[in-house]
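Be aware that the sequence shown starts at 215, since it is given in our numbering, and climbs by one per residue.
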Amino acid sequence: MTHRIAVIPGDGVGTAVTDAALRVLDAAAPGLIQTEIFPWSCDYHLKTGRMMPEDGIAQLAAFDAIFLGAVGWPETVPDAVSLHGLLLPIRKAFRQYANIRPHRLLPGVQGPLRKEGFDILCIRENTEGEYSGAGGRVHQGTAQEVAVETAIFTRTGVERILRFAFEQAMARRGKLASVTKSNAQRHSMVFWDEVTRAVAADYPQVEVTSYHVDAIAARMVMAPETLDVVVASNLFGDILTDLGAAIQGGLGYAASANLNPDRDAPSMFEPVHGSAPDIAALGIANPIAAIWSAAMMLEHLGEAGGAARIMAAVEATTAGGIGTVAGADTTSAITQAILNALEAAS
Ligand code: IPM
Ligand code: MN
Numbered sequence: 215m216t217h218r219i220a221v222i223p224g225d226g227v228g229t230a231v232t233d234a235a236l237r238v239l240d241a242a243a244p245g246l247i248q249t250e251i252f253p254w255s256c257d258y259h260l261k262t263g264r265m266m267p268e269d270g271i272a273q274l275a276a277f278d279a280i281f282l283g284a285v286g287w288p289e290t291v292p293d294a295v296s297l298h299g300l301l302l303p304i305r306k307a308f309r310q311y312a313n314i315r316p317h318r319l320l321p322g323v324q325g326p327l328r329k330e331g332f333d334i335l336c337i338r339e340n341t342e343g344e345y346s347g348a349g350g351r352v353h354q355g356t357a358q359e360v361a362v363e364t365a366i367f368t369r370t371g372v373e374r375i376l377r378f379a380f381e382q383a384m385a386r387r388g389k390l391a392s393v394t395k396s397n398a399q400r401h402s403m404v405f406w407d408e409v410t411r412a413v414a415a416d417y418p419q420v421e422v423t424s425y426h427v428d429a430i431a432a433r434m435v436m437a438p439e440t441l442d443v444v445v446a447s448n449l450f451g452d453i454l455t456d457l458g459a460a461i462q463g464g465l466g467y468a469a470s471a472n473l474n475p476d477r478d479a480p481s482m483f484e485p486v487h488g489s490a491p492d493i494a495a496l497g498i499a500n501p502i503a504a505i506w507s508a509a510m511m512l513e514h515l516g517e518a519g520g521a522a523r524i525m526a527a528v529e530a531t532t533a534g535g536i537g538t539v540a541g542a543d544t545t546s547a548i549t550q551a552i553l554n555a556l557e558a559a560s
C-alpha cells in the first residue's frame with residue numbers, strides 16, 4: 215500500500231534536510247511513499263501574506279502523514295507570526311497531542327557528557343498547557359501595560375498524554391518520570407501530579423517517579439542513564455528536549471514525531487531543530503535528525519522494516535565516523551553515506 219505524504223520543507227535548512235530525508239525514504243521503502251510538496255514557508259508569506267492558504271489544514275487532512283523540515287525566517291517574518299501561522303496550528307488542529315523525542319547517542323557520536331548508555335524517550339504534551347495561546351494584552355505601549363499568557367490544563371489533555379506515556383514505558387524498560395513543578399505551580403502542576411497518580415493505578419508494572427522540572431534538568435546531565443520515558447507538559451517538554459538534543463550530541467540528531475494516537479487525523483514528523491539561518495547557505499546542516507524523523511514516520515505508517523533499515527544505515531554511517539562532528543561533513547556527503555549503507559545492506 216502506498217502512503218500519501220504531505221511534505222512541507224519550509225525555511226532555511228528545512229529544505230535541504232527534507233530533500234535528504236525524501237531520498238532516504240525512497241531508497242528504504244521504494245514505491246511505498248507518494249509525496250506532494252507544499253511550499254508553505256516565510257517566502258510564501260512574503261508573496262501571499264499568509265504562511266499557508268486559508269484552507270491549508272483542510273488540504274493536509276487528506277494525507278496519511280505530514281513531513282515538515284523547519285519553519286521560521288525571523289529576518290522577514292517574526293517567529294510569533296510564522297509559527298502560529300503554520301507549525302502550531304497543525305499540531306493543534308490534528309490533535310497531535312503526543313510529541314515523541316528520542317534521546318540517545320548514535321554510535322561514533324561524542325556527546326558533551328562523559329557518559330554513554332543513556333536512552334531516553336521524551337513525551338511532550340503538544341496541544342495545550344503553556345502553549346494554549348489563551349491570553350492577551352491591554353494598555354499596550356503604556357506604563358500600565360498588562361500581558362497575560364494563561365496555561366490551560368484539561369483533564370482530557372493531561373490524562374491522555376499520561377496514559378500514552380505509561381503505555382510507552384510498558385513497551386520499554388518500565389520506568390516513567392513525570393515532570394512537575396507542583397512546589398511552585400499549585401494549580402496546574404498539583405493537578406498534573408494527581409492525574410499521574412490516578413493513571414498510575416492502572417499500570418502497577420510501571421515504576422513512576424515525579425520529578426520537578428529543575429531537578430530533572432540536572433538529572434538529564436548528571437545521570438541520564440537513570441531515565442527511561444519522561445513525560446512533560448508542552449513548555450517543560452520543549453525545554454527538556456533541547457537539553458535532550460544537547461546530550462545526544464546536538465540538534466542535528468534530535469528527531470521528533472507529533473503523533474495523533476487516535477489516528478483520526480494525520481501525524482506530523484519533523485526534526486527538532488529549526489531553520490538555522492546562520493548555516494542555511496553553507497550546505498552543512500546535519501540531515502540525520504530529519505532522516506531519523508522519516509524513520510519514525512515509516513514506523514507510524516506500519517512500515518517497521520523500512521524504519522529499521524533507515525536506522526541501521528544511519529548507525530552504520532555514524533559508526534564509520536561520518537556525520538559525527540558538527541560541520542565536518544556536508545549535508546549531501548552524509549546523505550550519500552546513508553544511501554550507500556542502505557544499498558550495502560540490501
Ligand atoms: C519545537 C520548537 C517549537 C516549539 C517552536 C519553533 C514554536 O521549538 O518544536 O520544539 O516550541 O514547539
Ligand atoms: Mn523546541
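Just so it is clear, CB atoms sit at the ideal spot from N, CA and C, and this is done for glycine as well. Since the model is a prediction, treat every value here as computed from it, not as a measurement.
Going by beta carbons, residue 468 and residue 462 fall inside the 9 Å limit. DSSP, reduced to helix, strand and coil, places residue 349 within a strand of the structure shown.
No heavy atom of the ligand MN is found nearer than 8 Å to the CB of residue 427. Close CB contacts of residue 423 within its chain, under the 6 Å cut and outside five residues either way in sequence, are with 391 (chain order). The C-beta of residue 244 has fewer than 16 other C-beta atoms within 10 Å across all chains shown, which makes the residue exposed. Short note on residue 455: C-beta closer than 8 Å to some heavy atom of the ligand MN.
Within 8 Å of the C-beta of residue 407 there is not a single heavy atom belonging to the ligand MN. Relative to residue 457, the option among 431, 232, 440 and 332 whose CA is nearest is 431. When secondary structure is reduced to three states using DSSP, residue 417 falls in the coil class, being assigned neither helix nor strand. In this structure residue 337 does not touch residue 280 by the C-beta definition: roughly 19 Å separates them, more than the 8 Å allowed. With a cutoff of 9 Å on beta-carbon distance, residue 353 and residue 332 are scored as not near each other.
Around the ligand IPM, the residues whose beta-carbon falls short of 5 Å from at least one of its heavy atoms are 297 and 452, given in chain order.
DSSP places residue 252 in no alpha helix (DSSP H); its state is neither H nor E. Secondary structure within the segment 291 to 367: the beta strand (DSSP E) runs of 3 or more consecutive residues, fully enclosed, are 312 to 318, 333 to 339, 343 to 352 and 360 to 366 (chain order).
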